[in-house]
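There are 2 protein chains.
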Amino acid sequence: MPLQDHHQIVSVDDHLIEHPRVWQDRLPEKYLDAGPKIVEVDGKHLWHYDGNVFPTIGLNAVAGKPQEEWGMDPVRYEDMIPGCYDPAARVKDMDVDGVQAALLFPSFPGFGGGVFFRGQDKELSALCVSAWNDFHIDEWCATAPERFIPMCIVPIWDPVLAAAEVRRAAAKGARTVSFPDSPVPLGLPSFHHEAWEPFWNACEDTGMVISLHFGSGGYVPGFSFANTNTTGGELRIPDAPFAVAIALFSTNLMWSTVDLLFSGVLQKHPKLQFSLAEGGIGWIPYILERTDFVWERHRYYQPIDFHTRPSDLFREHFWGCFIDDVHGVENRHAVGIDRIMLEIDYPHSDSNWPNSRKRAAEVLADVPDDEVTKICETNARTMLNFPRVS
Amino acid sequence: MPLQDHHQIVSVDDHLIEHPRVWQDRLPEKYLDAGPKIVEVDGKHLWHYDGNVFPTIGLNAVAGKPQEEWGMDPVRYEDMIPGCYDPAARVKDMDVDGVQAALLFPSFPGFGGGVFFRGQDKELSALCVSAWNDFHIDEWCATAPERFIPMCIVPIWDPVLAAAEVRRAAAKGARTVSFPDSPVPLGLPSFHHEAWEPFWNACEDTGMVISLHFGSGGYVPGFSFANTNTTGGELRIPDAPFAVAIALFSTNLMWSTVDLLFSGVLQKHPKLQFSLAEGGIGWIPYILERTDFVWERHRYYQPIDFHTRPSDLFREHFWGCFIDDVHGVENRHAVGIDRIMLEIDYPHSDSNWPNSRKRAAEVLADVPDDEVTKICETNARTMLNFPRVS
Numbered sequence: 030m031p032l033q034d035h036h037q038i039v040s041v042d043d044h045l046i047e048h049p050r051v052w053q054d055r056l057p058e059k060y061l062d063a064g065p066k067i068v069e070v071d072g073k074h075l076w077h078y079d080g081n082v083f084p085t086i087g088l089n090a091v092a093g094k095p096q097e098e099w100g101m102d103p104v105r106y107e108d109m110i111p112g113c114y115d116p117a118a119r120v121k122d123m124d125v126d127g128v129q130a131a132l133l134f135p136s137f138p139g140f141g142g143g144v145f146f147r148g149q150d151k152e153l154s155a156l157c158v159s160a161w162n163d164f165h166i167d168e169w170c171a172t173a174p175e176r177f178i179p180m181c182i183v184p185i186w187d188p189v190l191a192a193a194e195v196r197r198a199a200a201k202g203a204r205t206v207s208f209p210d211s212p213v214p215l216g217l218p219s220f221h222h223e224a225w226e227p228f229w230n231a232c233e234d235t236g237m238v239i240s241l242h243f244g245s246g247g248y249v250p251g252f253s254f255a256n257t258n259t260t261g262g263e264l265r266i267p268d269a270p271f272a273v274a275i276a277l278f279s280t281n282l283m284w285s286t287v288d289l290l291f292s293g294v295l296q297k298h299p300k301l302q303f304s305l306a307e308g309g310i311g312w313i314p315y316i317l318e319r320t321d322f323v324w325e326r327h328r329y330y331q332p333i334d335f336h337t338r339p340s341d342l343f344r345e346h347f348w349g350c351f352i353d354d355v356h357g358v359e360n361r362h363a364v365g366i367d368r369i370m371l372e373i374d375y376p377h378s379d380s381n382w383p384n385s386r387k388r389a390a391e392v393l394a395d396v397p398d399d400e401v402t403k404i405c406e407t408n409a410r411t412m413l414n415f416p417r418v419s
Numbered sequence: 030m031p032l033q034d035h036h037q038i039v040s041v042d043d044h045l046i047e048h049p050r051v052w053q054d055r056l057p058e059k060y061l062d063a064g065p066k067i068v069e070v071d072g073k074h075l076w077h078y079d080g081n082v083f084p085t086i087g088l089n090a091v092a093g094k095p096q097e098e099w100g101m102d103p104v105r106y107e108d109m110i111p112g113c114y115d116p117a118a119r120v121k122d123m124d125v126d127g128v129q130a131a132l133l134f135p136s137f138p139g140f141g142g143g144v145f146f147r148g149q150d151k152e153l154s155a156l157c158v159s160a161w162n163d164f165h166i167d168e169w170c171a172t173a174p175e176r177f178i179p180m181c182i183v184p185i186w187d188p189v190l191a192a193a194e195v196r197r198a199a200a201k202g203a204r205t206v207s208f209p210d211s212p213v214p215l216g217l218p219s220f221h222h223e224a225w226e227p228f229w230n231a232c233e234d235t236g237m238v239i240s241l242h243f244g245s246g247g248y249v250p251g252f253s254f255a256n257t258n259t260t261g262g263e264l265r266i267p268d269a270p271f272a273v274a275i276a277l278f279s280t281n282l283m284w285s286t287v288d289l290l291f292s293g294v295l296q297k298h299p300k301l302q303f304s305l306a307e308g309g310i311g312w313i314p315y316i317l318e319r320t321d322f323v324w325e326r327h328r329y330y331q332p333i334d335f336h337t338r339p340s341d342l343f344r345e346h347f348w349g350c351f352i353d354d355v356h357g358v359e360n361r362h363a364v365g366i367d368r369i370m371l372e373i374d375y376p377h378s379d380s381n382w383p384n385s386r387k388r389a390a391e392v393l394a395d396v397p398d399d400e401v402t403k404i405c406e407t408n409a410r411t412m413l414n415f416p417r418v419s
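Residue numbers (the working numbering), protein chains in the order written: chain A, 30 to 419; chain B, 30 to 419.
This is the structure we're talking about:
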């Protein structure tokens, strides 16, 4: 049976655009000037923060525009449909799209809070992180508590502060923390480093799912992009169209997944849960088979757990989602039927809005009813404990 | 029907270890001292070349050893079974393994000739490249012309010289050139750059297949490895076990594939053929579906061909191979049944030698006979024009 009226879609990957006063309403007075604010320059709305000007208010916020007009980011709030930055309007856009509940990643802070990591004044940065969480939970999600799933970001530059913010946000209702797909390209310790122990402990204690959104670590995949350094130490100017990176972003999450599977972190923290946001699912069977193959052959001479098969670890600790992934849906049992969720990606260009429900029905047309229920709704509710049941 | 006696396995990915006199037998006298030669130091056989000492004579040459002893590269020729460096012994090892014909990548030069690229004296480097080709074609392959498929490497630092070497090697019988999976990490122009036109033209004119072996560009995938540069400009010491990279090497070939599909090179050179060596095949359906999705949505504002669907281009220009890839074999029609080949990977650790034929029979047990014939033999013979039919 295809998608039916009783199936409620819960999306684990959407985005909001912050309105101009998110930080101005919340920062202490001494930081109002340096904190994020919108300034109008030559008819454009631009974020100013910590002495820098940011080129876009709504990266890739193309919902409602024809494909031929994509590629130009909105330069004024009026260039976007209100559902981007207004929660009441967003609920209406979700109704049009047939979506019951959604998890919304940040825009100005970067998916994983990287903008505040790069800020020079780290006291201001930490306040900006908390302000976003307060805005998101108390202002945005509070307008429709059954429709918006509370998320948080953390001060990723300090695992102890990050742990404290996880606990603070969890107490306010946050169900998941958006974290960089890897800390390494940011210059932070890798997932293999014990520095993250306070953060892992806080997530485990609070049941906080860790959402790894592709691109959240600032690393652009593909051989022709700037973070592919050369032997000579110079960064090359990319000459590949950005479509190459868009097609390849899931390779970031393949890297994150295998990194974590071989890190020992999952054995040490058996309750940790990772959501691979916007990564698709069609690659999972291959990567798990390959990782098991390597584990079977190469574990004798490396610091790897001898006893736990990586694919078993994956199915206890990871969740995947998709928008449009025919191969992944056909191979859903090789992925793990209890670990697959839908994403909508409003207002970004990968989204099928306002036809997300229609497209999901097409993709799920040959999937049995109980499996459709899991994929479109209950897996996400289970992962995110939404609504809260314990 | 499973693999049967009449099926001849043709492997498109194996390796040879160069014997000590490959270059000493061929270089002009003035370069004999600087050219590659084996020196015994503290009981170890080490390559000396261009003023540098190389740490291993046979990277990962573990054929015939128990898994518990892997991780230590051979330090003397006697540490390896003779089939590594002796073509007559190799034929016997192929007989034991049930393999009819094999394509052997270089060891000391790097899979794609990167060691000579890094040599300071480029006149010597170019002579070393040609010497390897002469050794491989005239000495090694000549011992059993029906069993060994001639390959060549090229001076990758100069597309005009590379084109000339392609034409010279083709005239001597070479069917494929081993080329870096990307030139970018080496500091060379990307596949998108017109600098490569002479090379593409030479490959097209001579029917020279371009073999992209994972790792041949020197780029190690995974967030924790050294070529993942940080924002601070310092290279981090990897703290991930190397198993992470071994599991992820196919992501290099995902990058190479998408780079080429969006480069315009394939439309300009309709005869070019690329072999994705040691990359597996299970990821191909997902990456093609994703690349088509991006092409459908994002081509309007980028320099991308509007008319040719990437998955159609793939099936005209790419070939994949596998050792052990259950997911890929199950999804062989989504990969393309005319584009899948076997690899054996002797003497490396991914190989099932001396049980390659047995393992292939297991993996192919549920595959129809005509498809087994294509996968184990005729696709490789077609791609490589081996034996030569035109």
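A virtual CB, placed ideally from N, CA and C, is assigned to each residue, including glycine.
- Contact annotation: Y330 of chain B and G100 of chain A have beta-carbon atoms nearer than 7 Å.
- In the three-state DSSP reduction, V206 of chain A falls in the strand class (E or B).
- The C-alpha of T407 of chain B is placed about 11 Å away from the C-alpha of P416 of chain B.
- Within chain A, the residues placing a beta-carbon under 8 Å from that of R326 of chain B are Q96, W99, S378, D379, ordered along the chain.
- Nearest to F145 of chain A by C-alpha distance, out of A:L45, A:D79, A:G251, A:L282, is A:D79.
- In this structure, the beta-carbon distance from H362 of chain A to E318 of chain B does not fall below 7 Å.
- Collapsing the DSSP output to three states places D54 of chain B in coil.
- Distance between S419 of chain A and M109 of chain A, taken at the CA atoms: about 38 Å.
- Going by DSSP, W161 of chain B is part of the alpha helix (DSSP H) stretching over 151-163.
- Inside the region 276-357 of chain B, DSSP marks whole alpha helix (DSSP H) runs of 4 or more residues at positions 294-297, 313-327, 339-346, from first to last along the chain.
- In summary, the residues of the region 303-318 of chain B whose CB is separated from some CB of chain A by less than 7 Å are G309, G311, W312, P314, Y315, E318, in the order they occur in the chain.
- Beta-bridge partners assigned by DSSP to A131 of chain B: B:S40, B:F177.
- Three or more Cβ pairs closer than 8 Å define a contact, and the region 206-214 of chain B falls short of that threshold against the region 160-179 of chain B.
- Nearest CB-CB separation between T235 of chain B and chain A: not below the 7 Å threshold.
- Taken atom to atom, the span from the alpha-carbon of L241 of chain A to that of E372 of chain B is near 35 Å.
- Look at W99 of chain B here: in three-state DSSP terms it is coil, with no helix or strand label.
- The secondary-structure analysis by DSSP pairs H242 of chain B across a beta bridge with B:A306.
- Cβ-Cβ distances below 8 Å link P250 of chain B to A274, L277, F278, T280, N281 in the same chain, with the five nearest sequence neighbours on each side left out; the list follows chain order.
- When the Cα atoms are used, E226 of chain A and F220 of chain A turn out to be separated by approximately 10 Å.
- With a threshold of 16 other beta carbon atoms within 10 Å, A118 of chain B falls short and is exposed.
- A contact is defined here as three or more CB-CB pairs under 8 Å, and the region 182-200 of chain B fails this definition with respect to the region 126-133 of chain B.
- W225 of chain B sits in a helix when the DSSP states are folded into three classes.
- Interface flag for T320 of chain A against chain B is set, since a Cβ pair is found closer than 7 Å.
- Taking all protein chains in view, the Cβ of D71 of chain B is surrounded by fewer than 16 other Cβ atoms within 10 Å, so the residue is classified as exposed.
- Under the 10 Å beta carbon count, A409 of chain B is surrounded by 16 or more other beta carbons and is classified as buried.
- Counting only Cβ-Cβ distances below 9 Å, M109 of chain A has no contacts in chain B at all, with the closest Cβ about 18 Å away.
- Contact check for W312 of chain A against W312 of chain B passes: the beta carbons are separated by less than 7 Å.
- The way I'd put it, the region 84-93 of chain B does touch the region 371-388 of chain B; three or more beta-carbon pairs between them come closer than 8 Å.
- With three or more CB-CB distances shorter than 8 Å, the region 155-170 of chain B counts as touching the region 42-55 of chain B.
- Residue range 408-413 is occupied by the alpha helix (DSSP H) that includes N408 of chain A.
- When DSSP states are grouped into helix, strand and coil, H48 of chain B belongs to the coil group.
- Within the region 337-370 of chain B, P339, I352, D353, D354, V355, H356, G357, E359, N360, A363 place their CB atoms closer than 9 Å to a CB of chain A, listed in sequence order.
- Chain order gives the chain B residues near A269 of chain A as S219, H221, D288, F291, where near means a beta carbon separation below 7 Å.
- Listed by position along chain A, the residues whose Cβ is nearer than 7 Å to that of Y330 of chain B are W99, G100.
- Counting the other Cβ atoms within 10 Å of the Cβ of P314 of chain B gives 16 or more, which makes it buried.
- With respect to chain B, the C-beta atom of W284 of chain A has a partner C-beta closer than 7 Å.
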